[in-house]
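Student: A single structure is presented below for examination.
2 protein chains.
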Amino acid sequence: PDDWSELDRRAVDTARVLAADAVQKVGNGHPGTAMSLAPTAYSLFQRVMRHDPADPHWVGRDRFVLSCGHSSLTLYVQLYLGGFGLELADLEALRTWGSLTPGHPEYHHTKGVEITTGPLGQGLASAVGMAMAARRERGLFDPDAPAGQSPFDHFIYVLASDGDIEEGVTSEASSIAGRQQLGNLVVIYDHNDISIEDDVNIALSEDVAARYEAYGWHVQQVQGGENVTGILEAIENAKAVTDRPSFIELRTIIAYPAPTLMNTGKAHGSALGDPEVAAVKKILGFDPDRSFQVDDEVIAHTRGLLDRGAAARADWQTGFDAWAAKNPQRKALFDRLTARDLPDGWTKVLPSWDVDPKGIATRAASGKVLSALGPVLPELWGGSADLAESNNTTIEGADSFGPVDAATKHWNAQPYGRTLHFGIREHAMGAILSGIVMHGPTRPYGGTFLQFSDYMRGAVRLAALMGAPAIYVWTHDSIGLGEDGPTHQPVEHLAALRAIPGLSVVRPADANETAYAWQAVLDRQHDWFTGPVGLCLTRQAVPVLAGTTADGVAKGAYILADWDPTAERKVILMGSGSEVQLAVAARDTLAADGISARVVSVPCLDWFEQQDAAYIESVLPTAVTARVSVEAAIAQPWWRWLGAHGTPVSLEHYGASADATTLFTKFGITSQAVADAARASLAAAG
Amino acid sequence: PDDWSELDRRAVDTARVLAADAVQKVGNGHPGTAMSLAPTAYSLFQRVMRHDPADPHWVGRDRFVLSCGHSSLTLYVQLYLGGFGLELADLEALRTWGSLTPGHPEYHHTKGVEITTGPLGQGLASAVGMAMAARRERGLFDPDAPAGQSPFDHFIYVLASDGDIEEGVTSEASSIAGRQQLGNLVVIYDHNDISIEDDVNIALSEDVAARYEAYGWHVQQVQGGENVTGILEAIENAKAVTDRPSFIELRTIIAYPAPTLMNTGKAHGSALGDPEVAAVKKILGFDPDRSFQVDDEVIAHTRGLLDRGAAARADWQTGFDAWAAKNPQRKALFDRLTARDLPDGWTKVLPSWDVDPKGIATRAASGKVLSALGPVLPELWGGSADLAESNNTTIEGADSFGPVDAATKHWNAQPYGRTLHFGIREHAMGAILSGIVMHGPTRPYGGTFLQFSDYMRGAVRLAALMGAPAIYVWTHDSIGLGEDGPTHQPVEHLAALRAIPGLSVVRPADANETAYAWQAVLDRQHDWFTGPVGLCLTRQAVPVLAGTTADGVAKGAYILADWDPTAERKVILMGSGSEVQLAVAARDTLAADGISARVVSVPCLDWFEQQDAAYIESVLPTAVTARVSVEAAIAQPWWRWLGAHGTPVSLEHYGASADATTLFTKFGITSQAVADAARASLAAAG
């Protein structure tokens, strides 16, 4: 561009040299893309984006997502140049213990990192969620402002790589972005045709631009990573197209201008080596004998972003204050949501159920809870991966979130709507939920069958790593779903999900525990970093039990029915979800034999394990080693609590296609089995 | 078509009525698609496909994959009409205990079902693997025959739904199919625009046909599920295009001709109700008061497939016999592979390593094993999801599998090649590996980082459910990968994978255990149904240990170094992979304190748990309750073996970005920690 100065050119080359030096110093990392994307990243950070290095949490900022997280230096170097808090010493400490510059960008660890990325595809998919959240938040806070005139209007920028483009989660999310007509989303696809196995031609021959056109995106192509004019023009064009997401295919040469390694797979994920780094420096007019060379006038120039950011911020603040003055109620909502507070007395609307042997399915109870909360918690929104009626995820009376032309006979769509429709795209759903919570203060949930938590796992794990408070509604949580058979019956999923650090797996025993579970989840998630929660709910009706308590559920496990403390033969029966009723029934059977059983309902092992030792001992006294666990799933998570003499009643193999009652009987998940196991455990305990 | 008789018409309508009746009888299921796809399915089974109902395992058959597995009746009804073994009583027993007609089609359970489907996307993605396998097998057995002239030439037909199209795994696999130019693959996309949330417009607005054109497929569109002429013409066109996979977008009306429910989401996954079923029968000229009505002349007509199949089979046999006579060596290979036998003395080529404190990474050892096995086991082939050098998955000297125009500077591609390049598409890789083993007798493997087993999980689970002997090479199996940080460091993955019934998770302790692990895996997989195996391998070097044995590895756990049986204070130290060395070192430390430790190497908990009680007791005697487990991962799978007094040395949180040595030290996964835990456990055991 005309105003591109010698200092701009030098700053871009400085970015390249710093990337090469940082990787060379630690001996490993990804220099190539950080070099070839330097002009683009510099243009975005210094010229395109509205942001303020002094306040990386500014609500009005544009968001930046580095979907190709391995190229973390692309981001770190701009955070350094722009003055977001990183200094040269941080770049020198790349990928070392305790540094602010880990191998992949980590949210909450390094200021200015909007989201943790690295597992390919997740960043772009979550960016779709950010763009959706931006529209929903605008709808909550400033729905009537003309387009582009609200303090809540801004853009989401993404840098994506060939690897992001290959991953299926990106395909899913990109299709959703097209359907949602997300005009606030701009994806720059760094098409360098190189991945770890070198030239991608060996594995990729599709026409990516045509694919994005098929998704309904606005697509442009720019030749050359050095073509800043073309890049900036394309971004301006993209911003001007407000009814479609934009895809800019930018053809670059990885590791440009490394003389022997550019355009090779070796430059992707390895240090270039001292001679090549020196050669790069020579080509760019840097001293080959110096490392981490930054000219004073260059850093002074780039840190000018602090002033420009402050000015942009002040300008925005005027608009925001005017909005606040005009919209006191919406401002109050904005403040409440930003503080992650819940309104006074919100729990009063929660439904409750009388003890009832017939009962209802916990998925149905969950649906009642959502519809009850809908009017009092506008921050709550969500939907399903095409299983709305099965997951009971629709808040009664809510419009669907989507452009009006997405409407169907069944769903009334409007851009600020509340019901989400992910289609049969569970993985994108997971990533989008993360993007929504990364973007702002709303509270999203998404449903599918527990079985298909497998499809979402990449996104769920990353949410847990970030502590992101997404909510997954996983119904049809055992063989209790019946006839759909083993392809749809979770057996190992509770164990596999409980294994994820930071994810809370909550499996309520009945309708009231379901309401208490929602209460506990929303309470806990007042603290953003309490992480994601998966509610595991039954398809089949389960009795409404006596003795359930909100406090017990919040603690993860509690005494639902106690023993006679004076009894000689005492046993602990613990279980979760639809199997708690079996423990309750077995307790009666055992009482007839003179065995006194304590039933411990365990809606959330993760929360229970966070309680203090005294509480844990009060629920599961060490002295009582006769123990039974019951869950229609593999026993793996229970052994820790079974001890030497405990006996699990579990399902260690796949299910079958038949009605639920038959399956529980045939597979021995019955109150009789629980009673038998209790006797066996008592015998073993001696 | 001209020869479409009244009996053909009646047979198609019979298929519709049977589908409606079967769902109505059991009260649940998916009638709609089975009704609207009846003409297509009938045309495929009765007219298009070369198959023999009397021998569903005939090598020369065309394969049929029902990717929309929920529409199992589409398949079951044709298996009944064609005489593959299902009878009317089986259709009447739909979705009930013990029936041959479970909710979703299950391989090995119902004759004629080529692959278990239901979780959407998996079928189509695995069909890509089948088409790849067909080419590779032809290359092994009959590489020189002109196109279409070999007994090993046939087609893979897929019926896919809107849901299959939305799932990312399909996008990944379809891109691979385009790259591979799989002319033997024909996908019919049942575009009925209805999913469970009714009109898909709420979640899907892309141009699917254009997307498939972008992948490089041959794309056709056919209007109307009743348009048999158009369908058959399109299939003939598809078969004629041999250098690209074919995609036929078939616009249908779900549940046609149900008068009130066709074209609605309700007809997708619920019984239509008696009045609607009766109305369908009236419209089609069936007696509304009869259920499961099949005219004698209809079933006689459709069972004519038995004769036509036998004739086709005999015709093919002539060609096959001629091939066998001309190619005795290839025939011998074919016979060996079909029997899943391994050649005599094959284990002699396996490398071995001397005891060495420096050692090598198990991923590197695995690479040596593969290159050693390459020349003697032509059935072994595989590759990586763009991590070939990191996963060490390339057999030395092997060509890449792909059209010649896929070649790059680094890879020589040819259609019968051996090295697979999945791109960064782990989920498709998993499904494709399943498709390859479902198709024929080769033995495929696929690599990625253990972290990204999460992305593959849908496919891995389905492989385990089928007992399919795929091999996953999962390297970088702990914080030992170092600087890439927590996004790439598995912590929960070993637990989460061990939870999957039927999957063997194998984590060898050193180079020799790695070779023994490959040996055990290939031996075990002589039996197809032993299921998939995941080899979990280190990035970092680990010592070559004394005491490893092939027999011990095959048993899953064994005594690597024993205690003094007369010692008073005895402890068991058990662990897997890179942490076994810590147990070995701790054993020395403890010996100095007068504590005698047995080190149990546990390369595969799954295999160990399959051993008889006597062996288990011999390795882990009940009387010794002082026990320590050590694994740089969560302890969940170990509690079962730790008992009341055991102490895990584990990692219950996420990792960090730093070098491996620092991480093991900072996180307390050290021989010192093992020794301390041993003392603690001894104290607890009293």
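Going down the list, the protein sequences come from chains A and B.
Each residue of the first sequence is one higher than the one before, counting from 896 in my numbering.
Each residue of the second sequence is one higher than the one before, counting from 896 in my numbering.
Note that the Cβ used here is the ideal one computed from N, Cα and C, for glycine as well.
If contacts are defined as beta-carbon pairs under 8 Å, then LEU981(B) and ALA929(B) qualify, I think. What distance do you get, rounded to the angstrom?
Tutor: Working through the second sequence from its first residue, we reach residue 981(B) at position 86. Working through the second sequence from its first residue, we reach residue 929(B) at position 34. LEU981(B) to ALA929(B), Cβ: 14 Å. No contact.
Student: Would you please verify whether the beta carbon of ALA1588(B) is less than 8 Å from any beta carbon of chain A?
Tutor: Nothing about residue 1588(B) can be reported from this structure: the residues present for chain B run from 896 to 1581 only.
Student: THR1343(A) to HIS1322(A), Cα distance in whole Å?
Tutor: As a position in the first sequence, residue 1343(A) is number 448, starting the count at 1. As a position in the first sequence, residue 1322(A) is number 427, starting the count at 1. So the alpha carbons of these two residues sit roughly 10 Å apart.
Student: At what residue ranges does the stretch 983-1007 of chain A contain a whole run of the alpha helix (DSSP H), taking only runs of 4 or more?
Tutor: The stretch 983-1007 of chain A contains these whole alpha helix (DSSP H) runs: 983-987.
Student: Could you compute how far the alpha carbon of VAL912(A) sits from the alpha carbon of LYS1176(A)?
Tutor: Taking the first sequence and counting its residues from 1, one reaches residue 912(A) at position 17. Taking the first sequence and counting its residues from 1, one reaches residue 1176(A) at position 281. Each residue's Cα considered, the two are about 7 Å apart.
Student: With a 10 Å radius around its C-beta and 16 neighbouring C-beta atoms as the bar for buried, classify PHE1424(B) as buried or exposed.
Tutor: Your numbering for residue 1424(B) matches position 529 in the second sequence. With fewer than 16 other Cβ atoms within 10 Å, it is exposed.
Student: Can you list the residues of chain A that GLY1297(B) reaches, using a CB-CB cut of under 8 Å?
Tutor: Along the second sequence, one-based indexing puts residue 1297(B) at 402. The contacting residues are ILE1097.
Student: Once DSSP output is grouped into helix, strand and coil, what is the label at LEU1282(B)?
Tutor: As a position in the second sequence, residue 1282(B) is number 387, starting the count at 1. In this structure, LEU1282(B) counts as coil in the three-state DSSP scheme.
Student: Cutting at 6 Å between CB atoms, please list the residues of its own chain near MET1351(A), excluding the five before and the five after it.
Tutor: On the first sequence, position 456 is the one that residue 1351(A) refers to. The answer, listed in chain order, is GLU1321, HIS1322 and GLY1325.
Student: Measure the alpha-carbon distance for ASP1554(B) versus ASP1507(B) and round it to whole angstroms.
Tutor: The residue labelled residue 1554(B) in the question sits at position 659 within the second sequence. The residue labelled residue 1507(B) in the question sits at position 612 within the second sequence. Each residue's Cα considered, the two are about 41 Å apart.
Student: How about the stretch 1244-1264 of chain A and the stretch 1214-1231 of chain A: do they share at least three Cβ pairs that are nearer than 8 Å?
Tutor: Under the Cβ criterion (8 Å, minimum of three pairs), the stretch 1244-1264 of chain A does not count as touching the stretch 1214-1231 of chain A.
Student: In whole angstroms, what separates the C-alpha of GLY1335(A) from that of ALA1580(B)?
Tutor: Position 440 of the first sequence, counted from the start, is the residue given in the question as residue 1335(A). Position 685 of the second sequence, counted from the start, is the residue given in the question as residue 1580(B). Looking at the two C-alpha atoms, the distance is approximately 52 Å.
Student: Which class does ARG1338(B) belong to by DSSP, given the choice of helix, strand or coil?
Tutor: Working through the second sequence from its first residue, we reach residue 1338(B) at position 443. In this structure, ARG1338(B) counts as strand in the three-state DSSP scheme.
Student: Using a threshold of 8 Å, state whether the C-beta atoms of LEU961(A) and PRO1000(A) are closer than that.
Tutor: By one-based count along the first sequence, residue 961(A) stands at place 66. By one-based count along the first sequence, residue 1000(A) stands at place 105. Yes, Cβ-Cβ distance for LEU961(A) and PRO1000(A) is below 8 Å.
Student: Does LYS1304(B) have its Cβ less than 8 Å from a Cβ in chain A?
Tutor: Position 409 of the second sequence, counting from 1, holds the residue named residue 1304(B). Chain A, which has a Cβ nearer than 8 Å to the Cβ of LYS1304(B), makes this yes.
Student: Below 8 Å, can you find three or more Cβ-Cβ pairs linking the stretch 1042-1049 of chain A to the stretch 1035-1051 of chain B?
Tutor: The stretch 1042-1049 of chain A is not in contact with the stretch 1035-1051 of chain B.
Student: Taking any Cβ of chain B, which residues in the stretch 1270-1282 of chain A have a Cβ under 8 Å from it, in chain order?
Tutor: Of all residues in the stretch 1270-1282 of chain A, only SER1279, ASP1281 and LEU1282 place a beta-carbon less than 8 Å from a beta-carbon of chain B.
Student: How far does the alpha helix (DSSP H) with GLY1262(B) in it extend, from its first residue to its last?
Tutor: Here the question's residue 1262(B) lines up with position 367 in the second sequence. Looking at the DSSP string, the run of the alpha helix (DSSP H) that includes GLY1262(B) is 1257-1268.
Student: Does the stretch 1505-1522 of chain B touch the stretch 949-966 of chain A, meaning 3 or more C-beta pairs lie closer than 8 Å?
Tutor: no
Student: Does DSSP put ARG956(A) in a helix, in a strand, or in coil?
Tutor: Residue 956(A) sits at position 61 when you count from the first residue of the first sequence. ARG956(A): coil per DSSP, three-state reduction.
Student: The beta strand (DSSP E) with LYS1176(A) in it runs from where to where?
Tutor: Mapped onto the first sequence, residue 1176(A) falls at position 281. DSSP places LYS1176(A) outside any beta strand (DSSP E); the residue lies instead in the alpha helix (DSSP H), whose first and last residues are 1169-1178.
Student: Taking a Cβ distance cut-off of 9 Å, strictly less, list which residues of the stretch 1089-1120 of chain A are near chain B, in chain order.
Tutor: SER1090, ILE1091, GLU1092, ASP1093, ASP1094, VAL1095, ASN1096, ILE1097, ALA1098, LEU1099, SER1100, GLU1101, ASP1102, VAL1103, ALA1104, ALA1105, ARG1106, TYR1107, GLU1108, ALA1109, TYR1110 and GLY1111
Student: Which same chain residues, not among the five before or five after ASP1592(A), have their C-beta less than 6 Å away from its C-beta?
Tutor: Lying before the first or after the last residue shown, residue 1592(A) is absent from chain A, which here runs from 896 to 1581.
Student: Which of the three DSSP states is assigned to GLN865(A) in this structure?
Tutor: In the structure as shown, chain A begins at 896 and stops at 1581. Residue 865(A) is therefore absent and cannot be evaluated.
Student: Just to confirm, are PRO1364(A) and GLN1309(A) a CB contact at a threshold of 8 Å?
Tutor: Within the first sequence, the letter at position 469 stands for residue 1364(A). Within the first sequence, the letter at position 414 stands for residue 1309(A). Going by C-beta atoms, PRO1364(A) is not nearer than 8 Å to GLN1309(A).
Student: Assuming ILE1467(B) and VAL1495(B) are in contact, meaning their beta carbons sit under 8 Å apart, how far apart are those beta carbons, in whole angstroms?
Tutor: For this step, residue 1467(B) is matched to residue 572 along the second sequence. For this step, residue 1495(B) is matched to residue 600 along the second sequence. So it is a contact: roughly 6 Å between Cβ atoms.
Student: Can you tell me which of HIS1004(A), SER1545(A), VAL921(A) and SER931(A) puts its alpha carbon nearest to the alpha carbon of SER1471(A)?
Tutor: Along the first sequence, read from residue 1 onward, the residue named residue 1471(A) stands at position 576. Closest in alpha carbon position to SER1471(A), among HIS1004(A), SER1545(A), VAL921(A) and SER931(A), is SER1545(A).
Student: In the structure shown, what three-state DSSP assignment does GLN1531(A) receive?
Tutor: Here residue 1531(A) refers to the residue found at position 636 of the first sequence. Helix, per DSSP.
Student: Any contact of the stretch 1110-1121 of chain A with the stretch 1134-1149 of chain A, i.e. 3+ C-beta pairs under 8 Å?
Tutor: Output reads yes: the stretch 1134-1149 of chain A touches the stretch 1110-1121 of chain A.
Student: Is THR1314(A) near THR1289(A), with beta carbons less than 8 Å apart?
Tutor: What you label residue 1314(A) is simply residue 419 of the first sequence in a count that begins at 1. What you label residue 1289(A) is simply residue 394 of the first sequence in a count that begins at 1. Result yes, Cβ atoms of THR1314(A) and THR1289(A) sit closer than 8 Å.
Student: Applying a beta-carbon distance threshold of less than 8 Å, which residues of chain B neighbour LEU1423(A)?
Tutor: Mapped onto the first sequence, residue 1423(A) falls at position 528. What sits at residue 1423(A) in the sequence shown is Trp, not Leu. Within chain B, no residue comes near TRP1423(A); the closest Cβ sits about 17 Å away, beyond 8 Å.
Student: DSSP state of GLN941(A), grouped into three classes?
Tutor: Stepping through the first sequence from its first residue, residue 941(A) is reached at position 46. Correct three-state label for GLN941(A): helix.
Student: Given a cut-off of 8 Å on the beta-carbon distance, is the pair PRO1238(A) and VAL1271(A) in contact?
Tutor: As a first step, residue 1238(A) is located in the first sequence; it is residue number 343 there, counting from the start. As a first step, residue 1271(A) is located in the first sequence; it is residue number 376 there, counting from the start. Taking 8 Å as the Cβ cut-off, PRO1238(A) and VAL1271(A) qualify as a contacting pair.
Student: Just to confirm my understanding: we take GLY1214(A), look at its own chain, exclude 5 residues before and 5 after, and list those with CB closer than 6 Å. What are they?
Tutor: The count along the first sequence starts at 1 and reaches residue 1214(A) at position 319. Correct list, in chain order: PRO1046.
Student: Using 8 Å as the threshold, is the C-beta distance between ALA1359(B) and LEU1398(B) below it?
Tutor: Counted from its first residue, the second sequence places residue 1359(B) at position 464. Counted from its first residue, the second sequence places residue 1398(B) at position 503. Going by C-beta atoms, ALA1359(B) is nearer than 8 Å to LEU1398(B).
Student: I believe LEU1145(B) touches ILE1083(B) by the beta-carbon criterion, under 8 Å. Please report the beta-carbon distance rounded to the nearest angstrom.
Tutor: Sequence index remark: in the second sequence, residue 1145(B) carries index 250 (1-based). Sequence index remark: in the second sequence, residue 1083(B) carries index 188 (1-based). Indeed they touch by this definition, with Cβ atoms about 6 Å apart.
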